[in-house]
Amino acid sequence: MRALFLISGAALSLAPPLTFAASAQDYPDKVFEGKSEYSPRMQQFLGRTVFTRCDSARISQTGDRVTITFYTEAWGEMVRYRVSVEDDVLRVLSAKGRRDEGYVAAEGSCELIRKQSRISTITCIADFGHKTIAANLVVRRR
Numbered sequence: 207m208r209a210l211f212l213i214s215g216a217a218l219s220l221a222p223p224l225t226f227a228a229s230a231q232d233y234p235d236k237v238f239e240g241k242s243e244y245s246p247r248m249q250q251f252l253g254r255t256v257f258t259r260c261d262s263a264r265i266s267q268t269g270d271r272v273t274i275t276f277y278t279e280a281w282g283e284m285v286r287y288r289v290s291v292e293d294d295v296l297r298v299l300s301a302k303g304r305r306d307e308g309y310v311a312a313e314g315s316c317e318l319i320r321k322q323s324r325i326s327t328i329t330c331i332a333d334f335g336h337k338t339i340a341a342n343l344v345v346r347r348r
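The opening position of the sequence shown corresponds to residue 207 in the working numbering, with each subsequent residue numbered one higher.
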């Protein structure tokens, strides 16, 4: 089953993963601050999808594996995605929700949207366990 999600103007498809212009060594190990935003068109997916609230995200890389973690100041870690990097595609391998004990095998994708060579939006969506979790952070400009 193929699902198409529009998050803050970006189209996310659970299959195939999205691509973007960056190579494996371009993933910064840093924290981005901003706010979660979802397109009004996402209302149709309520009930099937958990839309994560977040005000920051951390991207870290070890070899060809990238971890993207979304946080809120009030609740801490909300969701963490472990992804592989293959030909500039961020494919979700496993994920961990805030209440989950450990990682669960997952299918989905993440995307780092860039404007003027800076990351402007960090977005992930994946099916894992019995749920689909989406996270979208629009990065605050400094």
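Note that beta-carbon positions come from the ideal geometry of N, C-alpha and C, so glycine has one too. Fair warning: this is a prediction, and the values are worked out from it, not measured in the lab.
Between the alpha carbons of residue i and residue j, how many angstroms are there, rounded?
| i | j | result |
| --- | --- | --- |
| Leu252 | Gln267 | 32 Å |
| Val295 | Ser315 | 8 Å |
| Thr327 | Lys236 | 14 Å |
| Asp333 | Gln322 | 31 Å |
| Ala301 | Tyr287 | 4 Å |
| Arg271 | Val289 | 6 Å |
| Ile325 | Glu317 | 10 Å |
| Gln249 | Glu243 | 12 Å |
Determine the closest residue to residue i out of the options, with distance taken between C-alpha atoms.
| i | options | result |
| --- | --- | --- |
| Gly303 | Thr327, Glu283 and Val295 | Glu283 |
| Val310 | Arg320, Thr329, Gly335 and Pro246 | Gly335 |
Going along the chain, which residues of its own chain have a beta-carbon closer than 7 Å to the beta-carbon of residue i, five neighbours each way excluded?
| i | result |
| --- | --- |
| Phe276 | Thr258, Cys260, Ala263, Met284, Val285, Ala341 and Leu343 |
| Lys337 | Val256 |
| Ile353 | No answer is possible for residue 353: it lies beyond the span of the chain, which begins at 207 and ends at 348. |
I believe residue i touches residue j by the beta-carbon criterion, under 8 Å. Please report the beta-carbon distance rounded to the nearest angstrom.
| i | j | result |
| --- | --- | --- |
| Ala312 | Val298 | 5 Å |
Which same chain residues, not among the five before or five after residue i, have their C-beta less than 6 Å away from its C-beta?
| i | result |
| --- | --- |
| Gly240 | Leu343, Val344, Val345 and Arg346 |
Looking only at its chain, what residues have a beta carbon closer than 8 Å to the beta carbon of residue i, apart from the 5 residues adjacent to it on each side?
| i | result |
| --- | --- |
| Ala280 | none |
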